[in-house]
Each structure stands twice: as C-alpha cells, then as structure tokens.
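A quick write-up on the structure given underneath.
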C-alpha cells in the first residue's frame with residue numbers, strides 16, 4: 001500500500017465530495033438450492049446502475065484467506081494498515097457510546113449470553129435481548145466491587161454492553177472469555193504476558209461475580225468478554241487526507257471507530273431511510289461521509305438469507321436519494337463478507353463499486369460478487385480504497401517530477 005505519509009504529501013484541497021456506503025457483511029455465498037448469493041437474489045436496479053456506470057472489483061480487508069473483525073476491516077477501508085494500527089473491540093465499544101477512555105482504563109466488549117446447567121454456551125447473544133433489558137442487567141452488574149479498580153458497566157445495544165476497568169498497571173494483553181462458538185464453555189481469561197497477570201485476575205473475578213448475579217436470569221445468565229483494549233492513538237483522517245469527515249452510523253462500535261479516526265458522528269435515526277435523511281441534511285457541511293448499515297451483517301450472522309436479501313433491496317431503494325445529491329465520488333462496498341450459510345464473518349473478498357464522472361467504466365452490469373469479480377479494479381487490498389476515492393475526487397496531486 002502507498003504509505004499515509006506519501007498520501008498526506010499528495011493530498012489537495014478541493015470542494016469535491018466523497019460518500020462511502022458500507023453495507024456491513026454484504027458479501028455472501030450461493031444458496032445451495034438457487035445458486036445465488038444474497039446480493040444476486042435481491043432486486044437492486046439502482047446499485048446495478050451504479051456498477052454499470054462505475055468501476056468495480058473485489059477487496060480483501062486484511063489479506064487473502066484472512067477472516068477480518070469489524071474493527072480492522074474498517075481501518076483498512078479508511079486507509080490505515082490494520083496490521084500496524086490495532087484497535088481492540090473494547091475501545092471501539094466504549095468510545096462508540098461516548099465513554100471517555102483514560103490512560104488507566106482497560107475496556108472490553110460484553111455479550112450477554114446463555115449457558116446451560118453445565119456451563120456450556122447455548123446462545124452467544126442471549127436471543128438478542130432488548131436494549132431495555134440490557135440496561136437493567138448492567139445496573140445489576142454495577143454493584144460489583146473489586147479492590148484496586150473502579151468498574152464501569154454500560155449498555156450498548158441489544159445483547160451488547162461494555163465494561164471498563166480503571167486502575168494502575170492494567171494490560172490489554174489478555175485472551176477473550178468468549179469461545180466464539182456455542183457448545184463450548186466460557187473460557188478463563190489468560191494473561192499473554194507477565195505484566196498482564198494483574199488484569200487477568202481482576203477480569204476473571206469480575207466474570208465470576210457477574211455469573212453469580214445473573215444466575216437466575218433468562219435468557220441472559222452469563223457474560224462473555226472480548227476485545228480487551230486501551231485508548232488507541234492514531235492520526236486522524238483530517239491529518240492525513242485534509243478531509244472534514246462525517247459519520248452516519250447507528251451501532252456504537254462504528255461510532256467509536258469513527259471518533260477514533262477523527263470523524264464527527266452525526267445524530268441519526270434507527271432506520272436505513274433515517275440515515276440517508278441525515279446524509280441529505282448534512283451534505284453541505286462535510287467533504288467525506290461514511291454511511292454504515294449494520295442490518296445486513298446481523299441477518300447474515302443469524303443465518304437468515306431472505307432477510308439479508310430484503311435489507312439489501314431496502315438499501316437499494318434509498319440509493320436515488322444519494323445520487324440526487326450528486327457527490328463527486330460514490331463508493332459502495334462492505335467491510336467484510338458475512339454469508340448466511342456460515343452465520344459468521346468470512347474470508348471471502350468483498351464486492352466494491354467506485355462511481356465518479358472521472359472514472360473509466362468497465363463492463364460490469366450488476367452489483368454482485370461474480371460481476372464485480374470481472375471488474376477493471378480486479379482484486380485488491382481494502383487499504384487502497386481511500387486512495388482511489390481521493391484520486392477520483394481530484395484530491396491527489398502528482399507523485400514525482
């Protein structure tokens with residue numbers, strides 16, 4: 001990838017605008033009966049038109065064969081090397097709800113989960129309990145006290161919450177308690193270095209006390225922790241690209257990563273149509289917009305092929321509102337693939353459209369995995385997306401004499 005230092009030197013001031021639409025987990029696998037992916041099953045005339053008028057390809061968020069987490073996948077899309085800049089899920093979750101992480105803070109993502117009488121995880125998301133119930137359970141967990149640390153437990157959304165431990169010498173070098181699969185017990189948190197032994201002991205004590213408090217709750221009778229992290233320090237997108245950036249996201253984690261890279265997080269409603277309305281209202285105030293749609297990923301993780309296809313169709317119905325704004329560059333892609341067939345993130349490359357009046361259209365006629373695989377962009381690292389967007393917005397100067 002071209003280094004951020006080179007891009008920073010080449011960045012030009014301009015009045016052009018870029019909109020990056022991230023359809024979370026958009027990539028899929030063919031249904032065994034129909035042979036079509038969710039993208040291919042959905043009716044997407046407006047996205048197909050963008051693909052026809054733009055240039056297309058497939059992106060690898062981290063590298064070929066590597067299944068990405070949402071955090072590093074988004075860093076790649078924003079032009080950061082995810083192997084250099086590592087942001088834990090805990091920090092993303094905490095900053096996503098506006099929690100101000102201090103230098104002594106250690107954050108982790110909580111999943112409320114269900115275990116059976118033998119301690120085996122039967123549901124990693126506790127049936128996606130309502131956020132209101134999440135708030136009640138967090139209030140119960142706030143009674144936990146452990147000498148030497150201050151503990152903050154905050155609700156996020158549905159089954160997701162965040163815990164922050166505040167104290168001296170709390171290392172983030174810890175393993176997760178989340179086994180990532182049902183049919184297994186929650187794992188004991190292990191220190192990955194001698195300096196993390198204190199933090200591991202505190203976290204395991206917290207989990208034990210939380211399990212006791214939740215013992216009679218249904219379905220959320222356990223917590224799973226993952227993504228231990230401290231406050232990250234990385235350059236902002238304004239520092240590198242000279243862009244005023246606005247983020248439109250409904251889930252706290254994506255608000256968190258937006259704040260970390262220096263975007264303004266814009267208030268928006270819960271629905272896809274609300275998000276496009278937020279884009280319309282704020283269009284004159286920013287150079288770059290990141291619009292994130294989560295529902296496709298949730299449907300994929302639930303294994304609901306039809307719902308994922310229907311959400312893609314709903315997104316397509318909003319595309320005219322975007323094109324009517326006439327941004328100079330439109331990028332439509334996903335942060336990763338979440339095939340309904342696998343019910344999880346996967347390593348499969350992600351389709352991408354880049355539309356601009358300064359692009360050289362290729363022969364792609366539809367927005368799908370197979371069609372984008374024939375596009376002129378080919379298969380390339382997601383870290384190159386921002387450079388291509390800037391180039392098509394006439395925001396990059398010439399390199400060399």
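Numbering (the working numbering), first residue to last: 1 to 401. Every residue gets a Cβ at the ideal spot worked out from N, C-alpha and C, and that includes glycine. Please read these numbers as outputs of a predicted model, since none were measured by experiment.
- Residue pairing for residue 242: DSSP places it in no beta bridge.
- Counting along the chain, no alpha helix (DSSP H) covers residue 175, and no H or E run does either.
- Taking C-beta atoms as the reference points, residue 340 and residue 373 fail to come closer than 8 Å.
- Looking at 384, 258, 161, the one whose alpha-carbon comes closest to that of residue 140 is 161.
- Look at residue 290 here: in three-state DSSP terms it is strand.
- For the pair residue 331 and residue 315, the CB atoms are not nearer than the 8 Å cut-off.
- Residue 136 sits in a helix when the DSSP states are folded into three classes.
- Scanning 18, 28, 16, 13 for the CA closest to the CA of residue 367 turns up 28.
- In the DSSP annotation of this structure, the continuous segment of the beta strand (DSSP E) that includes residue 155 starts and ends at 150-157.
- When Cβ pairs closer than 8 Å are counted between the two stretches, the region 104-120 is seen to touch the region 149-165, the count reaching three or more.
- For residue 85, the secondary structure class from DSSP, reduced to helix, strand or coil, is coil.
- In the DSSP secondary-structure assignment, residue 164 is bridged to 107, 152.
- A distance of 8 Å or more separates the beta carbons of residue 70 and residue 395.
- DSSP, read as helix, strand or coil, puts residue 62 in coil.
- Distance from the CA atom of residue 152 to the CA atom of residue 170, rounded to whole angstroms, is 15 Å.
- Note on geometry: alpha-carbon atoms of residue 195 and residue 229 lie some 15 Å from one another.
- Collapsing the DSSP output to three states places residue 208 in a helix.
- Per the coordinates, the alpha-carbon of residue 321 lies some 7 Å from the alpha-carbon of residue 276.
- The Cβ-Cβ distance between residue 77 and residue 265 does not fall below 8 Å.
- If you check the CB distance, residue 113 and residue 224 come in under 8 Å.
- Straight-line measurement puts the Cα of residue 16 at about 33 Å from the Cα of residue 99.
- Taken in chain order, the unbroken stretches of alpha helix (DSSP H) that lie wholly in the region 320-383 and span 4 residues or more are 369-372.
- Minimum Cα-Cα distance from residue 282 among the listed residues 117, 88, 18 corresponds to 18.
- Going by DSSP, residue 226 is part of the beta strand (DSSP E) stretching over 222-229.
- Annotation for residue 365: 52 place their beta carbon closer than 6 Å to its own, counting only its chain and skipping 5 residues before and after.
- The three-state reading of DSSP puts residue 101 in coil, since its state is none of H, G, I, E or B.
- One alpha carbon belongs to residue 239, the other to residue 26, and they sit about 30 Å apart.
- In the three-state reduction of the DSSP assignment, residue 234 falls in the coil class.
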